[in-house]
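Before any comments, here is the structure.
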Amino acid sequence: MCLPGTTMPVAGNTTSRGDSTVYPMKGDTIRDPQTQWCTYPYLLTKMLILFIPLFIVTLPIAILARIYAAFLPTPTDKVKRAAPGFALFVLLSSPFVLVVLVFVALSRASDGFFYYLFGVPYMLLSKDGWGRRKRSIATIRPYMGGPRIRILDVLVCALGHTLRNGFLEWCWCFAVMIIAIPWMKYWVNANTLVYDLSERYVQQISTSMTDCGVDSVQDSARRIISRTKQDKDFQNRLDLWNFCPHYP
Numbered sequence: 091m092c093l094p095g096t097t098m099p100v101a102g103n104t105t106s107r108g109d110s111t112v113y114p115m116k117g118d119t120i121r122d123p124q125t126q127w128c129t130y131p132y133l134l135t136k137m138l139i140l141f142i143p144l145f146i147v148t149l150p151i152a153i154l155a156r157i158y159a160a161f162l163p164t165p166t167d168k169v170k171r172a173a174p175g176f177a178l179f180v181l182l183s184s185p186f187v188l189v190v191l192v193f194v195a196l197s198r199a200s201d202g203f204f205y206y207l208f209g210v211p212y213m214l215l216s217k218d219g220w221g222r223r224k225r226s227i228a229t230i231r232p233y234m235g236g237p238r239i240r241i242l243d244v245l246v247c248a249l250g251h252t253l254r255n256g257f258l259e260w261c262w263c264f265a266v267m268i269i270a271i272p273w274m275k276y277w278v279n280a281n282t283l284v285y286d287l288s289e290r291y292v293q294q295i296s297t298s299m300t301d302c303g304v305d306s307v308q309d310s311a312r313r314i315i316s317r318t319k320q321d322k323d324f325q326n327r328l329d330l331w332n333f334c335p336h337y338p
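Residue numbers for the sequence shown follow this note's numbering, beginning at 91 and rising by one.
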C-alpha cells in the first residue's frame, strides 16, 4: 500500500492512479497479516536465542576497533589498510570474526528454511501463486547476485561506527543487523512467494538537490557519511540522528 502523495507507479502492474488517494493492492488484507504472523514469533524466538551470544562475541571486535580508531588522526577520510596498526587490529579480531561468520551462516540457514516453510504453502494455496512467483523473480532478476561480504570492509566500517556511536551501541546494531535485517528484506519487503513484486513504486519524497550543487552535496556526503573519524563535536551531533549511514 502506498502513502498519499509519496509514491508514483513505474513499470509493471500498479495500483496508483496519479492522485493522493490510497488504493490497496489486491490481496493486501491476506498478504500483510501473513508476513506479520510469521515474522513476529520467528524473529522474537531468533532474537532470544542468538542476540546475547552474538553480542558477546562481537564485543571484543568493537573494543579493538575503538582502541585503534582512537589513534587515527582527525580527520581521517581513508583508513590505511597496509598500516602495521591496522594489520594488528585485523589479526587480533580474526578469531572473533570467524565465530561471527558461524552465527551469520546459522542465521542465514534458519532464514532460508523458514522462508520456504512459511512461503511455499501460501504460494501453492493462493490464487495465481506460481504465476505471481514467476513475475516477481523476473522483476528482481537484474538485482540478484550482488556483492559478497568483504571482511576487511566490515572492520573498517567498525572503526567509524564505534567512534560515532560507541562500541556497545555498535555491538547492539551489528547483532540486530545479522539476526533481523535479512529477514526483513527478503521475507517482508521482497518476498517472491507471497507478494507480486511487479507491483512496485518509486518514492517522490527526495528532491533533485539541484539547488545545492553537485560539489556541495558530494563534500557533505564525504564529511558526514564517508569520513571515518570526524572531530568530537561532529561525532556527537551525528550520534543524535536516528540513522546515519557510514560507507568509508
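Here a beta-carbon is modelled for each residue, glycine too, at the ideal position from N, C-alpha and C.
DSSP three-state label for residue i, please.
i    : result
T166 : strand
S288 : coil
L196 : helix
L258 : helix
S306 : helix
P335 : coil
T282 : coil
T252 : helix
D301 : coil
A311 : helix
R327 : helix
A172 : coil
A270 : coil
I239 : coil
According to DSSP, residue i sits in a beta bridge with which residue or residues?
i    : result
K319 : T166
Please return the same chain residues whose Cβ sits closer than 7 angstroms to the Cβ of residue i, not counting the five positions on each side in sequence.
i    : result
D329 : R254 and N255
I241 : V187
F204 : Y132
I315 : P335, H336 and Y337
I268 : L144, F193, V194 and S197
C261 : F145, T148, L149 and A152
T125 : W277, V278, N281 and V284
Between which residues of its own chain and residue i is the CB-CB distance below 6 angstroms, once the five residues before and five after are set aside?
i    : result
C334 : L328
T282 : R223, S226 and I227
T122 : It should be pointed out that residue 122 corresponds to Asp in this sequence rather than to Thr. Excluding positions up to five away in sequence, the list is empty.
What does a CB cutoff of less than 8 angstroms around residue i pick up in its chain, not counting 5 residues either side in sequence?
i    : result
Y276 : D201 and Y205
F161 : G175
F257 : L149, A152, I153, A155 and R156
N326 : none
V190 : L144, V147, T148, I151 and I268
G250 : A159, R317, T318, K319, H336 and P338
D218 : none
P272 : S197, R198 and D201
C128 : F204, F208 and W277
Just to check, is the beta-carbon of residue i closer than 7 angstroms to a non-hydrogen atom of the ligand SAH?
i    : result
I142 : Within the structure as shown, the ligand SAH is missing, as the structure has no ligands at all.
Segment contact, 8 angstroms Cβ cut-off, at least three pairs: the region 180-197 with the region 147-166: Taking a cut-off of 8 angstroms for Cβ pairs, the region 180-197 and the region 147-166 touch, as three or more such pairs fall below it.
Any 3 or more C-beta pairs closer than 8 angstroms across the region 242-251 and the region 148-168: yes
Secondary structure, alpha helix (DSSP H): runs of 4+ residues fully inside the region 118-162: 118-160
Beta strand (DSSP E) runs contained entirely in the region 182-237, provided each spans 3 or more residues: none
The region 162-174 touching the region 306-321, judged by at least three CB pairs closer than 8 angstroms: yes
At least 3 beta-carbon pairs within less than 8 angstroms: the region 227-240 vs the region 298-307: no
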